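Asks: Numbering (the working numbering), first residue to last: 557 to 996. Quick one: the structure is below, and I'll ask about it shortly.
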């Protein structure tokens, strides 16, 4: 009997071959590992050196009538004291977030380095996380060293340049570790030139080239998005597509959550949130940094354990409950405003508790029907294949309870397998009933 090679085995063979081609060995592996360890120690040491200077700058109070660039004015200090705050507390809080973020990025990078440092893509990701989290994202090195001490200018600037270039290069290589198409490698040179201008030449050429270069940078970012779409649809295998989904999920959660926070902050008491309370002064930094941590965490999961969790299920639930929350919030606010206006037409006495109770009961009644409806819409729109398969299996289960004809049942069973699993070939073998004399 001849057996045909299945498409799955071909994909697995190609995946194994690709992984073997992207692994480091021997001397190059030792150099790459030693370079990461040295870079991590350098970044952490520079952050430790920058903390005292950054803390002093964040607490500095400018003298009356003097030019104030980084410090607080006496009027701002008075406003902080009225809100129950002080420059020292805010400085400690901001530096604490910067240090915590740097340590989280470094811990994720160390985990990737420990588990998969022989893989070129994983090792490059470890480099990127250390550089971006420790040298650029928090701004601690730039604020505490580069802008105040000329001796650190070129070292910190060089680290920032490497960090800024590593991020777009990561998306040029992700998820396979190769430039696809091959000509995209020239994009690295373009990003190097752009960030050299941004970090070292901005003041000299700001008025002449800033508009043109900003448009070029925006076009490059759109190009990265298009490139990832092309790789996902035309090049990536199943495991690489799962990795891409994890990174996209992290980006959407971070950027979408940040946009939602800005909308809420502008709609509901913006002055209170930004100026008038202790919580208002701390909420923006906390929420922004917390949301943006979705990105490195999702990247680490994509590199290490992209198939540990079913990302399709997570995305599905995020879509359902995200839309459900937004719709229920809109309905709740509309009910509150509408019922209060309606009550005000008939009575001048306030009825806010009653309005809140009625609105809450309405939301509770709408929750389950709306959730089921959103689940059906999203399954039909984004998960059509799984939705059709589930309906087919449900129909077949109902048939099993009433069908008694074995031939009809066999045909329906084969049809269900073809429709849901879509194999290359399907055959059904029914074992003949055994004679009682053969049993012992």
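Even for Gly, the Cβ is constructed at its ideal location relative to N, Cα and C. In this text the structure is predicted, and so the values were computed from the model without any measurement.
For residue 610, which residues in the same chain have their Cβ closer than 7 Å to its Cβ, ignoring the five residues on either side in sequence?
Replies: Closer than 7 Å at the Cβ level, and outside the excluded window around residue 610, lie 651, 696, 699, 700.
Asks: Since residue 675 is in the alpha helix (DSSP H), which residue starts that stretch and which ends it?
Replies: Note, residue 675: premise wrong, no alpha helix (DSSP H); not H, not E.
Asks: Quick one: is residue 716 buried, meaning 16 or more other Cβ sit within 10 Å of its Cβ, or exposed?
Replies: Per the 10 Å Cβ criterion, buried.
Asks: With a threshold of 8 Å, are at least 3 pairs of Cβ atoms found where one atom belongs to the region 587 to 603 and the other to the region 650 to 668?
Replies: The region 587 to 603, when compared against the region 650 to 668, does touch it at the 8 Å Cβ threshold.
Asks: If I measure Cβ to Cβ from residue 596 and keep anything under 6 Å in the same chain, skipping five residues before and after, which residues do I get?
Replies: Closer than 6 Å at Cβ, skipping near neighbours: 686.
Asks: Smallest Cα separation from residue 667: which of 752, 592, 724?
Replies: Taking only the C-alpha atoms, the option nearest residue 667 is 592.
Asks: Where residue 983 and residue 858 are concerned, what is the direct C-alpha to C-alpha distance, given to the nearest angstrom?
Replies: Taking the straight line from one Cα to the other gives about 37 Å.
Asks: Can you check whether the CB of residue 664 is closer than 8 Å to the CB of residue 886?
Replies: Not a contact, by the Cβ cut-off of 8 Å.
Asks: Tell whether a beta-carbon distance below 8 Å holds between residue 796 and residue 732.
Replies: In contact: residue 796 and residue 732 (Cβ atoms closer than 8 Å).
Asks: Is residue 833 helix, strand or coil by DSSP?
Replies: At residue 833 the pLDDT is 49, less than 50, meaning the model places this residue with poor confidence and gives no usable figure here.
Asks: For residue 617, which residues does DSSP report across the bridge?
Replies: Partner(s): 628.
Asks: Taking the continuous alpha helix (DSSP H) assigned at residue 527, which residues delimit it?
Replies: Examination of residue 527 is not possible in this model, given that the chain is present from 557 through 996 alone.
Asks: Decide if the region 721 to 732 is in contact with the region 672 to 692; the criterion is three or more beta carbon pairs, one per stretch, under 8 Å apart.
Replies: With a cut-off of 8 Å, the region 672 to 692 and the region 721 to 732 count as touching, because enough Cβ pairs lie within range.
Asks: What whole-angstrom Cβ distance do residue 803 and residue 730 have, given they're in contact under 8 Å?
Replies: Sure, about 7 Å apart at Cβ, within 8 Å.
Asks: Would residue 806 be called buried (16 or more neighbouring beta carbons within 10 Å of its own) or exposed?
Replies: By the neighbour-count rule (16 or more Cβ atoms within 10 Å), residue 806 is buried.
Asks: Start and end of the alpha helix (DSSP H) containing residue 744?
Replies: Note, residue 744: alpha helix (DSSP H), 742 to 756.
Asks: Anyone know if the C-beta pair for residue 850 and residue 884 falls short of 8 Å?
Replies: No, the Cβ-Cβ distance between residue 850 and residue 884 is not below 8 Å.
Asks: Comparing alpha-carbon positions, which option in 694, 675, 645, 632 lies nearest residue 584?
Replies: With distances taken between Cα atoms, residue 584 lies closest to 675.
Asks: Can residue 930 and residue 876 be called in contact, C-beta distance under 8 Å?
Replies: In contact: residue 930 and residue 876 (Cβ atoms closer than 8 Å).
Asks: Mind checking residue 662: buried by the 16 CB within 10 Å criterion, or exposed?
Replies: Residue 662 comes out buried.
Asks: In terms of residue numbering, what span does the alpha helix (DSSP H) encompassing residue 852 cover?
Replies: Looking at the DSSP string, the run of the alpha helix (DSSP H) that includes residue 852 is 850 to 860.
Asks: Taking only three categories from DSSP, how would you classify residue 579?
Replies: The answer is strand: DSSP assigns residue 579 an E or B state.
Asks: Helix or strand or just coil, what does DSSP make of residue 794?
Replies: Residue 794: helix per DSSP, three-state reduction.
Asks: Let me make sure I understand the geometry here. Which of 771, 852, 781, 777 has the alpha-carbon closest to that of residue 810?
Replies: Checked all of 771, 852, 781, 777; the closest Cα to residue 810 is 852.
Asks: Helix or strand or just coil, what does DSSP make of residue 601?
Replies: Helix, per DSSP.
Asks: Is the region 781 to 796 close to the region 707 to 722, with three or more CB pairs under 8 Å?
Replies: No: the two stretches stay apart, fewer than three of their Cβ pairs being nearer than 8 Å.
Asks: Starting from the C-beta of residue 607, find all residues in its chain whose C-beta is less than 8 Å away, skip the five residues before and the five after it, and write them out in chain order.
Replies: 651, 655, 696, 700, listed in sequence order.
Asks: Sort 790, 750, 792 by Cα distance to residue 772 and report the nearest one.
Replies: Closest by alpha carbon: 750.
Asks: If you draw a straight line from the C-alpha of residue 933 to the C-alpha of residue 926, how long is it?
Replies: Cα to Cα, the separation comes out at about 11 Å.
Asks: Tell me whether residue 757 is buried or exposed, calling it buried when 16 or more other Cβ atoms sit within 10 Å of its Cβ.
Replies: By the 10 Å Cβ count, residue 757 comes out exposed.
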